[in-house]
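Participant: After the structure tokens below, expect a handful of questions from me.
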């Protein structure tokens, strides 16, 4: 095992999510009442069940108005009061809202809901659960001491992570980002509702942990808009939707691109500060969405310059690089 020299040096003065509880203005109340802003354990259990049940505000009000519920010693009696108490707790990344301007008409205003990318990255990076489940330094794994055969087990053992580490200042680390998106049908028989979630995770988290849904290693970063454009040429509507997707990605990922260029000091799970560069190393999508991201036609490879007529060729075609995409656009 060969680790990259002088990488991921640590500095003092970091904090974790648990530290924010101690710095919260209501921390004095928690010392007096451990379940504040709720009165006791039973009160908190009922509130936690209702908040995570997925019920609407109207359904919550109906439940809280039942006589059997009123007989319970709860500290809240309306859905609004319940949500107001939950808002007193220290929060994770907060949601933002923005109207995206376009040069072409749409049936409704284009609304983009998203969270700060770096807040989501830091929420994963300093989570105590990932203390021993994260790699901070690229490494190379060989089968023997002679280093003849190299073994690739995860991203941090790849040549790509090693090369990225070699291009950033000494002592810093690569905090590699994974994105994933997929347009999903919410309703099939009525309404035709469609959602397009954008998820974010870290390649530093070990693969066995990251692939478990129960680990919650992917955070919902944004809800990409799916507008209905008004255009005289019907086929142009899909082109405008794809162009809007790239425009929304540019808005959501702006902080990530700045940190990838200038770095960001972030706290790790044990309260140490790390000098991090947030590179995007993977984007998990299906084939149609991969073509949309690569700005290619339906019968063209999104990762190479091969057309559909070339798919049976016995040799490798040149990769579809940034220069190739810019030339096509």
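Numbering (the numbering used here), first residue to last: 1340 to 1668. Every residue gets a Cβ at the ideal spot worked out from N, C-alpha and C, and that includes glycine.
Assuming residue 1377 and residue 1424 make a contact with CB atoms under 8 Å, what is their CB distance in whole Å?
Facilitator: One-based indexing of the chain shown puts residue 1377 at position 38. One-based indexing of the chain shown puts residue 1424 at position 85. Right, the Cβ-Cβ distance comes to about 7 Å (below 8 Å), so this counts as a contact.
Participant: Are the beta-carbon atoms belonging to residue 1343 and residue 1504 less than 8 Å from one another?
Facilitator: Here residue 1343 refers to the residue found at position 4 of the chain shown. Here residue 1504 refers to the residue found at position 165 of the chain shown. Yes.
Participant: Starting from residue 1450, follow its DSSP beta bridges and name the residues at the other end.
Facilitator: Here residue 1450 corresponds to residue number 111 of the chain shown, with the count starting at 1. BP columns for residue 1450 point to 1438.
Participant: Per DSSP, what are the beta-bridge partners of residue 1614 in this structure?
Facilitator: On the chain shown, residue 1614 is found 275 positions in, with the first residue counted as 1. In DSSP, residue 1614 forms a bridge with 1604.
Participant: Which runs of the beta strand (DSSP E) fall wholly inside the segment 1523-1561 and span at least 3 residues, in chain order?
Facilitator: Fully enclosed beta strand (DSSP E) runs of 3 or longer: 1536-1541.
Participant: Report back the beta-carbon spacing between residue 1347 and residue 1475 to the nearest angstrom; my notes put them in contact at under 8 Å.
Facilitator: For this step, residue 1347 is matched to residue 8 along the chain shown. For this step, residue 1475 is matched to residue 136 along the chain shown. The Cβ separation is near 4 Å, so the contact holds.
Participant: In its own chain, which residues sit with a C-beta less than 7 Å from the C-beta of residue 1667, not counting the 5 before and 5 after it?
Facilitator: Within the chain shown, the letter at position 328 stands for residue 1667. Answer for residue 1667: 1634, listed in chain order.
Participant: Please state whether DSSP places residue 1464 in a helix, a strand or coil.
Facilitator: One-based indexing of the chain shown puts residue 1464 at position 125. Here residue 1464 sits in helix by DSSP.
Participant: Skipping 5 residues on each side, what residues in its chain have a beta carbon closer than 8 Å to that of residue 1439?
Facilitator: The sequence position of residue 1439 within the chain shown is 100, counting from 1. Cβ neighbours of residue 1439 beyond the five flanking positions: 1449, 1450, 1451, 1564, 1583, 1586, 1587 and 1590.
Participant: For residue 1513, which beta-bridge partners are listed by DSSP?
Facilitator: On the chain shown, residue 1513 is found 174 positions in, with the first residue counted as 1. Partner(s): 1616.
Participant: Would you report the Cα separation of residue 1543 and residue 1630, rounded to the nearest angstrom?
Facilitator: Translated into the one-based positions of the chain shown, residue 1543 becomes position 204. Translated into the one-based positions of the chain shown, residue 1630 becomes position 291. Cα to Cα, residue 1543 sits roughly 27 Å from residue 1630.
Participant: DSSP three-state call for residue 1395: helix, strand or coil?
Facilitator: Translated into positions along the chain shown, residue 1395 becomes position 56. If DSSP states are grouped into helix, strand and coil, residue 1395 belongs with coil.
Participant: Among residues of its own chain, excluding the 5 on either side of residue 1368, which ones have a beta-carbon nearer than 8 Å to its beta-carbon?
Facilitator: Translated into positions along the chain shown, residue 1368 becomes position 29. These residues qualify, in order along the chain: 1375 and 1376.
Participant: Sort 1657, 1340 and 1519 by Cα distance to residue 1491 and report the nearest one.
Facilitator: Counting from one through the chain shown, the residue named residue 1491 turns up at place 152. It is 1340 whose Cα lies nearest to the Cα of residue 1491.
Participant: Tell whether a beta-carbon distance below 8 Å holds between residue 1510 and residue 1654.
Facilitator: Reading the chain shown from its first residue, position 171 is the one you call residue 1510. Reading the chain shown from its first residue, position 315 is the one you call residue 1654. Contact flag unset, no.
Participant: Is residue 1664 close to the ligand NAP? I mean its beta-carbon at under 7 Å from any heavy atom of the ligand.
Facilitator: Only the bare structure without any ligand can be found here, which leaves the ligand NAP out of the picture.
Participant: Tell me the DSSP bridge mates of residue 1473?
Facilitator: As a first step, residue 1473 is located in the chain shown; it is residue number 134 there, counting from the start. 1544.
Participant: What residue from 1540, 1385 and 1464 has the CA that sits closest to residue 1421's CA?
Facilitator: On the chain shown, position 82 is the one that residue 1421 refers to. Checking every option, the nearest Cα to that of residue 1421 belongs to 1385.
Participant: Relative to the alpha-carbon of residue 1540, which residue among 1414, 1466 and 1390 has its alpha-carbon at the smallest distance?
Facilitator: Locating residue 1540 in the chain shown gives position 201, where the first residue counts as 1. Among 1414, 1466 and 1390, the Cα nearest to that of residue 1540 belongs to 1466.
Participant: Looking only at C-alpha atoms, which of 1616, 1664 and 1617 sits nearest to residue 1639?
Facilitator: Taking the chain shown and counting its residues from 1, the one referred to as residue 1639 is at position 300. Looking at the Cα atoms, 1664 is the closest of the given residues.
Participant: What separation, rounded to the nearest whole angstrom, lies between the Cα atoms of residue 1657 and residue 1453?
Facilitator: Numbered from its first residue, the chain shown carries residue 1657 at position 318. Numbered from its first residue, the chain shown carries residue 1453 at position 114. Their backbone Cα atoms lie some 35 Å apart in a straight line.
Participant: To test your reading of the DSSP string, which unbroken alpha helix (DSSP H) runs of 4 or more residues are found completely within the segment 1374-1434?
Facilitator: Runs of the alpha helix (DSSP H) inside the segment 1374-1434: 1380-1390, 1396-1403, 1406-1409 and 1418-1425.
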